[in-house]
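K.L.:
Sequential numbering from 392 applies to the sequence shown in the working numbering.
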Amino acid sequence: MTTPQPAPQPLPTGSLTMPSWLRRSIGRASELSTVQRIIKQRQIHTICEEGRCPNRGECYGQKTATFLLLGPVCTRSCAFCQVDKGHAPMPIDLEEPQKVAEAVQLLGLRYVVLTSVARDDLPDQGAGHFVKTIDNIRLLNPETQIEVLTPDFWGGAGAGESGQRARIATIVTAKPACFNHNVETVRRLTGPVRRGAKYDRSLNVLAMVKEIDPTIPTKSGLMVGHGETREEVIETMADLRAVGCDRLTIGQYMRPSLEHLPVQKYWTPEEFDTLSGVARQMGFNHVRCGPLVRSSYHAGEEG
């Protein structure tokens with residue numbers, strides 16, 4: 392007699408209850424309102440606000456912020472991201488580099504991260520705009536450290552590895568304090584999570600930075616909670632180390648809305664601690680692993 396087999400269990404549908412360790416205060420209202428007022432007056436953007444980062448109050452209090460360049464509309468449609476997408480991107484604000492530099496000065500920021508939406512519609516994907524912003528910040532704030540968190544610079548006119556390398560070289564030549572590009576997730580899940588991106592293409596971004604200037608620290612980050620295994624996360628960490636990546640962030644994916652991918656699992660603080668230990672053993676010299684960790688979390692402590 393054949394033993395009955397249990398029915399297959401369906402995948403989680405996103406109805407998981409958020410655990411207590413993911414609930415936190417967003418910080419002092421005065422610090423939030425000061426930053427919000429200054430960026431609103433200048434019609435500039437921060438990923439802290441656009442992405443509703445849970446750490447923005449803490450970072451503002453530590454004189455750190457992440458500015459979102461090239462408008463708030465992305466030409467990609469990643470299934471995890473809060474940033475606006477799905478319609479025509481805004482024209483470039485040619486005064487944005489100066490506006491960001493003024494905001495950095497007014498806020499007294501010691502460490503700044505510059506990121507951007509993907510702009511596949513632009514000839515250089517926005518690389519030159521990064522450099523103009525770096526130059527303007529340094530003119531007004533010579534002591535401020537500047538990290539970049541870039542898209543992959545692939546696509547549009549001049550698509551291909553040679554065009555990608557030229558765009559990356561444009562930014563590397565400006566000597567940022569750190570060059571960050573996120574792989575976001577493991578190889579198996581890159582397709583459904585990062586639409587328009589490729590896992591190996593992202594690894595190549597980090598490899599190219601080191602080839603062009605080995606002295607610039609590189610950094611990458613990923614989210615857990617999309618259904619990846621611990622073994623896959625460790626494999627991703629090993630892939631990053633293989634291209635010389637120096638710094639690593641790992642945080643919990645939190646669903647921004649019902650239109651985004653559901654959370655498949657909430658990783659525990661203990662599991663993040665285990666990943667942190669593995670990362671340090673692999674040789675990453677700066678590691679941030681935790682439920683609320685994001686790409687720029689405590690970035691200023693690494694400069």
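Heads up, the beta-carbon is just placed ideally off N, CA and C, and yes, glycines get one too.
Within the continuous alpha helix (DSSP H) that includes Glu487, where are the two ends?
P.N.:
For this step, residue 487 is matched to residue 96 along the sequence shown. Glu487 to Leu498 is the extent of the alpha helix (DSSP H) around Glu487.
K.L.:
Rounded to whole angstroms, how far is the Cβ of Val508 from the Cβ of Leu461, which I believe are closer than 8 Å?
P.N.:
Working through the sequence shown from its first residue, we reach residue 508 at position 117. Working through the sequence shown from its first residue, we reach residue 461 at position 70. Right, their Cβ atoms sit about 6 Å apart.
K.L.:
Following the continuous alpha helix (DSSP H) through Gln516, name the residue where it begins and the one where it ends.
P.N.:
The residue you call residue 516 lines up with position 125 of the sequence shown. No alpha helix (DSSP H) holds Gln516; DSSP gives it neither H nor E.
K.L.:
For Tyr590, does the three-state DSSP call read helix, strand or coil?
P.N.:
The residue you call residue 590 lines up with position 199 of the sequence shown. Here Tyr590 sits in helix by DSSP.
K.L.:
Can you confirm whether the stretch 615 to 635 touches the stretch 557 to 573 when touching is taken to mean that 3 or more C-beta pairs between the two stretches lie within less than 8 Å?
P.N.:
no
K.L.:
Should Asn676 go down as buried or exposed, given a rule of 16 or more other Cβ atoms within 10 Å for buried?
P.N.:
To locate residue 676, count along the sequence shown from 1; it is residue 285. It counts as exposed.
K.L.:
Cutting at 8 Å between CB atoms, please list the residues of its own chain near Cys636, excluding the five before and the five after it.
P.N.:
The residue given as residue 636 occupies position 245 in the sequence shown. If we look at Cys636 and ignore the five residues flanking it on each side, its Cβ neighbours are Leu597, Thr609, Lys610, Ser611 and Phe675.
K.L.:
Under the three-state reduction of DSSP, which class applies to Arg638: helix, strand or coil?
P.N.:
By 1-based counting over the sequence shown, the position of residue 638 is 247. If DSSP states are grouped into helix, strand and coil, Arg638 belongs with the strands.
K.L.:
Can you check DSSP and say which residues form a bridge with Thr455?
P.N.:
Taking the sequence shown and counting its residues from 1, the one referred to as residue 455 is at position 64. The partner list for Thr455 (beta bridge, DSSP) reads Tyr502.
K.L.:
Excluding sequence positions up to five away, which residues of its chain have a Cβ less than 7 Å from the Cβ of Met673?
P.N.:
Taking the first residue of the sequence shown as position 1, residue 673 is located at position 282. Answer for Met673: Met628, Ala629 and Arg632, listed in chain order.
K.L.:
Could you tell me which residues DSSP pairs with Phe570 in its beta bridges?
P.N.:
Taking the sequence shown and counting its residues from 1, the one referred to as residue 570 is at position 179. Paired residues: Val539 and Thr609.
K.L.:
Using the C-alpha atoms, what's the distance from Asn573 back to Gly546?
P.N.:
Numbered from its first residue, the sequence shown carries residue 546 at position 155. Numbered from its first residue, the sequence shown carries residue 573 at position 182. Distance between the alpha carbons of Gly546 and Asn573 is about 17 Å.
K.L.:
Confirm, please, whether the CB-CB distance from Glu619 to Thr576 is below 8 Å.
P.N.:
For the purposes of this step, residue 576 is taken as the residue at position 185 of the sequence shown. For the purposes of this step, residue 619 is taken as the residue at position 228 of the sequence shown. Contact flag set, yes.
K.L.:
Mind checking who Ser507 pairs with in its DSSP beta bridge?
P.N.:
Translated into positions along the sequence shown, residue 507 becomes position 116. Leu460.
K.L.:
Between which residues of its own chain and Thr393 is the CB-CB distance below 8 Å, once the five residues before and five after are set aside?
P.N.:
For the purposes of this step, residue 393 is identified with residue 2 of the sequence shown, where counting begins at 1. Any reading at Thr393 must be qualified, since the residue scores a pLDDT of 42, below 50, and its modelled position is unreliable; the value itself is stated next. Around Thr393, the same chain offers no residue with a beta carbon nearer than 8 Å, after the five sequence neighbours per side are excluded.
K.L.:
If you pair each beta-carbon of the stretch 590 to 607 with each one of the stretch 533 to 545, do three or more pairs fall below 8 Å?
P.N.:
Because the criterion of three Cβ pairs below 8 Å is met, the stretch 590 to 607 and the stretch 533 to 545 touch.
K.L.:
Whole angstroms is fine: what's the gap from Leu459's alpha carbon to Gly616's?
P.N.:
Here residue 459 refers to the residue found at position 68 when the sequence shown is read from its first residue. Here residue 616 refers to the residue found at position 225 when the sequence shown is read from its first residue. Distance between the alpha carbons of Leu459 and Gly616 is about 25 Å.
K.L.:
Expressed to the nearest angstrom, what Euclidean distance is found between the alpha-carbon atoms of Val491 and Thr524?
P.N.:
Locating residue 491 in the sequence shown gives position 100, counting from the first residue. Locating residue 524 in the sequence shown gives position 133, counting from the first residue. Linking Val491 to Thr524 through their CA atoms gives a straight-line distance of about 7 Å.
K.L.:
Rounded to whole angstroms, what's the CA-CA distance from Gln516 to Arg510? Just pull it up for me.
P.N.:
As a working note, residue 516 is residue 125 in the sequence shown. As a working note, residue 510 is residue 119 in the sequence shown. So the two alpha carbons sit approximately 5 Å from each other.
K.L.:
Count the other C-beta atoms from every protein chain shown that fall within 10 angstroms of the C-beta of Met481, then say buried if there are 16 or more, exposed otherwise.
P.N.:
Indexing the sequence shown from 1 puts residue 481 at position 90. So Met481 ends up on the exposed side.
K.L.:
Would you say Met647 and Phe663 are within 8 Å of each other, going by their C-beta atoms?
P.N.:
Counting from one through the sequence shown, the residue named residue 647 turns up at place 256. Counting from one through the sequence shown, the residue named residue 663 turns up at place 272. In the sequence as displayed, the identity of residue 647 is Pro instead of Met. No. Outside cutoff.
K.L.:
For Glu534, which option in Val495, Gly519, Arg685 and Thr425 has the closest C-alpha, if you only look at C-alpha atoms?
P.N.:
Position 143 of the sequence shown, counted from the start, is the residue given in the question as residue 534. Measuring from the Cα of Glu534, the nearest candidate turns out to be Val495.
K.L.:
DSSP on Arg671, reduced to helix/strand/coil?
P.N.:
Within the sequence shown, residue 671 is the residue found at index 280, counting from 1. It is helical.
K.L.:
Would you identify the three-state DSSP class for His436, choosing helix, strand or coil?
P.N.:
In the sequence shown, the residue the question calls residue 436 occupies position 45. Residue state, collapsed to three classes: strand.
K.L.:
Report the rounded CA-to-CA distance for Thr455 versus Val426, giving the unit in angstroms.
P.N.:
Along the sequence shown, one-based indexing puts residue 455 at 64. Along the sequence shown, one-based indexing puts residue 426 at 35. Approximately 11 Å between the Cα atoms of the pair.
K.L.:
Give me the Cβ distance between Val584 and Leu652, rounded to the nearest whole Å; I'm assuming they're in contact under 8 Å.
P.N.:
Counting from 1 along the sequence shown, the entry for residue 584 is found at position 193. Counting from 1 along the sequence shown, the entry for residue 652 is found at position 261. The pair is a contact, with the Cβ atoms about 7 Å apart (cut-off 8 Å).
K.L.:
For Leu407, which residues from the same chain have a beta carbon less than 7 Å from its beta carbon, with the 5 sequence-adjacent residues on both sides left out?
P.N.:
Position 16 of the sequence shown, counted from the start, is the residue given in the question as residue 407. Answer for Leu407: Val654 and Tyr657, listed in chain order.
K.L.:
In angstroms with no decimal places, state the Cα-to-Cα distance between Asp604 and Val522.
P.N.:
Counting from 1 along the sequence shown, the entry for residue 604 is found at position 213. Counting from 1 along the sequence shown, the entry for residue 522 is found at position 131. Each residue's Cα considered, the two are about 16 Å apart.
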